[in-house]
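Peer 1:
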Amino acid sequence: MICKISSFMEDLNSLNIEHLEKWFTDESTIWIPPSKEISGKSRILALFRAIFKRYDTLEWQVFEIFPLGDQKYFYQTTSYGTMINKKVYENNICTVVHFSEEGKIIYLSDYFKDTKVFN
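Numbers 26 to 144, taken from the numbering used here, label the letters of the sequence shown in order.
1) Going along the chain, which unbroken runs of the alpha helix (DSSP H) with 4 or more residues stay wholly within the region 60-136?
2) Taking only the alpha-carbon atoms, compute the straight-line gap between Asp36 and Ile30 and give it to the nearest angstrom.
3) Using the DSSP secondary-structure output, state which residues sit across from Ile42 in a beta bridge.
4) Are Tyr100 and Gly106 touching if we call contact CB-CB under 8 Å?
5) Measuring CA to CA, which of Phe49, Trp85, Pro59 and Glu62 is closest to Ser39?
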C-alpha cells in the first residue's frame with residue numbers, strides 16, 4: 026500500500042484533476058488547511074482545482090512513509106511552489122491517509138508546519 030501513496034503523490038504532482046478523480050469517492054473526506062474538512066468527490070476535486078489555481082508551479086516531495094496499520098499511513102512531505110503573485114512557497118507537511126480495500130482514499134488530513142502563507 027505504500028506504493029499507493031507514491032502513486033497518489035505522483036498524480037497530485039501532475040496538477041491534473043483528471044488524474045486525481047480515481048482516488049476519491051462520494052464518501053471520501055479530506056482536510057487541507059486553511060479549508061475546513063470537506064466530503065464528496067466533486068467537492069474534493071473542486072478544492073484541488075482552487076488550490077492549483079493559486080500557483081504557477083507546485084510540487085510535493087515525499088520523505089518518509091510510516092504504516093499505521095489497517096490501511097492507514099502517516100507520511101512527511103515538503104511542498105514547493107511559486108504562487109501566482111510570484112511569492113515563493115515552501116512548507117513541511119505531515120499527512121494522515123486512510124485507504125479503502127479498493128485503494129480509494131477514505132480520509133486524508135494535512136498538518137502544515139507554517140500556515141502564514143494562507144493568511
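Backbone N, C-alpha and C define an ideal beta-carbon position, used for all residues, glycine too.
Peer 2: On the basis of the data shown:
1) 66-78, all fully within the region 60-136.
2) Position 11 of the sequence shown holds residue 36. Position 5 of the sequence shown holds residue 30. Near 10 Å, if we compare the C-alpha coordinates of Ile30 and Asp36.
3) Looking up residue 42 in the sequence shown gives position 17. Answer is none; Ile42 lacks a bridge partner.
4) Residue numbering aside, residue 100 sits at position 75 when the sequence shown is read from its first letter. Residue numbering aside, residue 106 sits at position 81 when the sequence shown is read from its first letter. The answer is no: Cβ separation not under 8 Å.
5) As a working mapping, residue 39 is identified with position 14 in the sequence shown. If we check each option's Cα against that of Ser39, Trp85 comes out closest.
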